[in-house]
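Quick notes on the structure that follows.
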Amino acid sequence: MIASPLVTATWLQEQLGRPDLLILDASLYLPNEPQIADETYRQQHIPGALRFDIEHFSDPDTPLPHMVPSAGRFARLAGELGVTPETTLVVYDQKGLFSAARAWWLFRLFGHDQVMVLDGGLPLWREQGLPLEAGENQPSPQPPYPVIFNNRLLCGLGDVQTALSLGQTQVLDARGAKRFIGETPEPRPGVASGHMPGSQNLPYDSLLTAAGTLLPPQELRQRFQALGIDGLHPVITSCGSGVTAAVLLLALSVAGLPDGRLYDGSWSEWGQHPATTKALGPA
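Residue numbers (this note's numbering): 386 to 668.
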């Protein structure tokens, strides 16, 4: 088990070329952003990095965005990337700390704990003048990954409804404050504005430094404690589509607090579901 889920750019540079190390560019862009992650990967990436496409590692049979794939699909795709139980994974993204946390959570969900996130991602790596390369690296395929599914890290719509009705679980929403209160429209069509009644807002970027790295553990604990997150009650995280909710889970881990569960459908599901209540204004 890895002590910290974060690694620094300096540490990663020193590890380049290790035979058991696999670096994954897990970049993802939102529907209203012009970039295409595959193209930006080919233009510039950390030496040896492979492209990890979150959309590919998703359920193709649901209209909801990048939902968790079946165990069989994950096992096959992870094996095709060259991941084995002995592999040490480092994931990063091109924004700094955004979608890499989703990849970190996804590997842990399917039983691979030897996975870490590059703190500050590609922007900090580039700022420090560390080596980059262009083009596309090819994986060394392995047999399907032997999945051990950890259902304690995942929850669905019914789980969240039950948790909110019982009041024993703290539900955190990682979206920006204006989206949470319903002042800013959602980026996906057909999704209402607002938030889940009983949830609290903790924008994922409020847990980052100006350099795009996660705040130190003590500061993270203070941010969580200010919302009543003390490690004694279960936590569920949500966001727009299950991506930045994983940043909150990563922050919980760095803060030394117990694992939470990620609501995979997040607001993309809740906000368009006819049977859910949508609240407007502050929590």
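Each residue gets a CB set at the ideal place from its N, CA and C atoms; glycine is no exception.
Alpha carbon to alpha carbon, how far is residue j from residue i? Give it in angstroms, no decimals.
i	j	result
Gly-645	Leu-605	15 Å
Val-628	Leu-466	21 Å
Arg-608	Leu-592	8 Å
Val-476	Phe-492	10 Å
Ser-455	Trp-655	21 Å
Val-532	Pro-419	35 Å
Gly-552	Pro-529	40 Å
Pro-445	Ser-578	26 Å
Leu-637	Asn-522	33 Å
Gln-513	Trp-490	27 Å
Ser-525	Leu-503	22 Å
Leu-642	Asp-423	34 Å
Ala-434	Leu-515	14 Å
Report yes if the CB atom of residue i is closer than 8 Å to the CB atom of residue j, and no otherwise.
i	j	result
Leu-474	Val-500	yes
Tyr-589	Leu-538	no
Ile-431	Leu-517	yes
Ala-640	Pro-582	no
Leu-599	Leu-401	no
Pro-416	Pro-570	no
Quick check on this structure: which residue in the options has the alpha carbon closest to the alpha carbon of residue i?
i	options	result
Gly-541	Glu-399, His-658 and Ala-668	His-658
Ala-519	Arg-436, Val-632 and Leu-415	Arg-436
Arg-461	Pro-448, Arg-403, Phe-442 and Gly-650	Phe-442
Ser-584	Ser-525, Ile-566 and Pro-570	Ile-566
Thr-447	Ala-631, Ala-394, Ala-660 and Ser-626	Ser-626
Asp-558	Leu-515, Ala-631 and Ser-525	Ala-631
Arg-458	Thr-472, Glu-471, Glu-440 and Pro-470	Glu-440
Asp-544	Thr-393, Gly-464, Tyr-648 and Ile-614	Tyr-648
Closer than 8 Å by C-beta to residue i: which residues in its own chain qualify, once you throw out the five before and the five after it? Chain order, please.
i	result
Pro-508	Gln-479, Lys-480, Gly-481 and Gly-597
Gly-575	Gln-657
Thr-554	Ala-548, His-618, Pro-619, Val-620 and Ile-621
Ala-708	The question about residue 708 has no answer here: the residues shown for the chain are numbered 386 through 668.
In terms of residues, what are the limits of the beta strand (DSSP E) holding residue i?
i	result
Arg-646	646-648
Asp-730	Look at the range of the chain in this structure, 386 to 668, and you will see that residue 730 is not part of it.
Starting from residue i, trace the alpha helix (DSSP H) both ways and give me its first and last residue.
i	result
Val-632	630-639
Val-475	Taken as a continuous stretch (DSSP letters only), Val-475 belongs to no alpha helix (DSSP H), being part of the beta strand (DSSP E) at 473-477.
Ile-566	562-566
Asp-544	542-551
Apart from the five residues just before and just after residue i, which ones in its own chain have a Cβ nearer than 6 Å to its Cβ?
i	result
Met-386	Confidence is the limiting factor: at Met-386 the pLDDT is only 42, short of 50, which leaves the residue's position unreliable, though a coordinate-based value still follows. The answer, listed in chain order, is Asp-498.
Ala-488	Ala-411, Phe-437 and Val-476
Go through its chain and collect everything with a Cβ distance to residue i's Cβ below 7 Å, but skip five positions before and after it.
i	result
Tyr-426	Asp-410, Ser-412 and Arg-436
Gln-429	Leu-517 and Ala-519
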